[in-house]
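Undergrad: Sequential numbering of the sequence shown, starting at 10, is according to the numbering used here.
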Amino acid sequence: MHVSRTTYYNRKNQELTDTETRIILYKEEITSIFYEFKKKYDGVKITKELQRRGFKIQYPSVKFYMKMLGLRSKVKRKFKVTTDSYHNHYVSPNVLNRIFTVGEPASAWVSDITYIQTIIGFMYLTIIMDLFDRKIIG
Numbered sequence: 010m011h012v013s014r015t016t017y018y019n020r021k022n023q024e025l026t027d028t029e030t031r032i033i034l035y036k037e038e039i040t041s042i043f044y045e046f047k048k049k050y051d052g053v054k055i056t057k058e059l060q061r062r063g064f065k066i067q068y069p070s071v072k073f074y075m076k077m078l079g080l081r082s083k084v085k086r087k088f089k090v091t092t093d094s095y096h097n098h099y100v101s102p103n104v105l106n107r108i109f110t111v112g113e114p115a116s117a118w119v120s121d122i123t124y125i126q127t128i129i130g131f132m133y134l135t136i137i138m139d140l141f142d143r144k145i146i147g
């Protein structure tokens, strides 16, 4: 962009207009609210919070400023259940019959599996426990 030196310095030394001041204030408040609520508030919630704080601003403007500032909220996705308990596959018999006390070591082992959500995706954790002394075997 080619601007004459005189124009550049005249503009640089000029005071900000009311509109420019208001835009700077909006951007600072939007950024403040965005990080105050740990990046979880989207444009609609930020608009409501700004209005609650006394600012007269509408959603399209907030959305525009958020895009200009590069602010994108973290969207929490709904947990999707993938377990199908109603199937026609073989189910092992219940030999313990809910009696979880045994008299000798290694006579009854139980296990369970759980899913742990991490940054890189789900991890699976399987635990095997001896019912005699309640120690984790594997």
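Quick reminder that beta carbons are idealized off the backbone N, C-alpha and C, glycines included.
For Y124 and D93, I'd like the C-alpha separation in whole angstroms.
TA: In a straight line, the C-alpha of Y124 is about 15 Å away from that of D93.
Undergrad: Can you tell me which of K48, L78 and I39 puts its alpha carbon nearest to the alpha carbon of Q60?
TA: Looking at the Cα atoms, I39 is the closest of the given residues.
Undergrad: Going by beta-carbon coordinates alone, are W118 and I137 separated by less than 7 Å?
TA: Yes. Within cutoff.
Undergrad: Can you give the Cα-Cα distance for Q126 and I108, rounded to whole angstroms?
TA: Taking the straight line from one Cα to the other gives about 32 Å.
Undergrad: Over what stretch of residues does the alpha helix (DSSP H) that includes T16 continue unbroken?
TA: Run containing T16: R14 to N22, per the alpha helix (DSSP H) assignment.
Undergrad: Quick check on DSSP: helix, strand or coil for G52?
TA: In the structure shown, G52 sits in a helix (DSSP, three-state: H, G or I).
Undergrad: Going by Cα to Cα distance, which pick from D139, T28, Y18 and F88 is closest to L105?
TA: For L105, the nearest C-alpha among the options comes from D139.
Undergrad: Whole angstroms are fine: how far does the CA of V111 sit from the CA of R143?
TA: C-alpha separation (whole angstroms): 10 Å.
Undergrad: If you count every other CB in all the chains shown that lies within 10 Å of the CB of G130, and 16 or more means buried, which is it?
TA: Answer is exposed; the Cβ neighbour count stays below 16.
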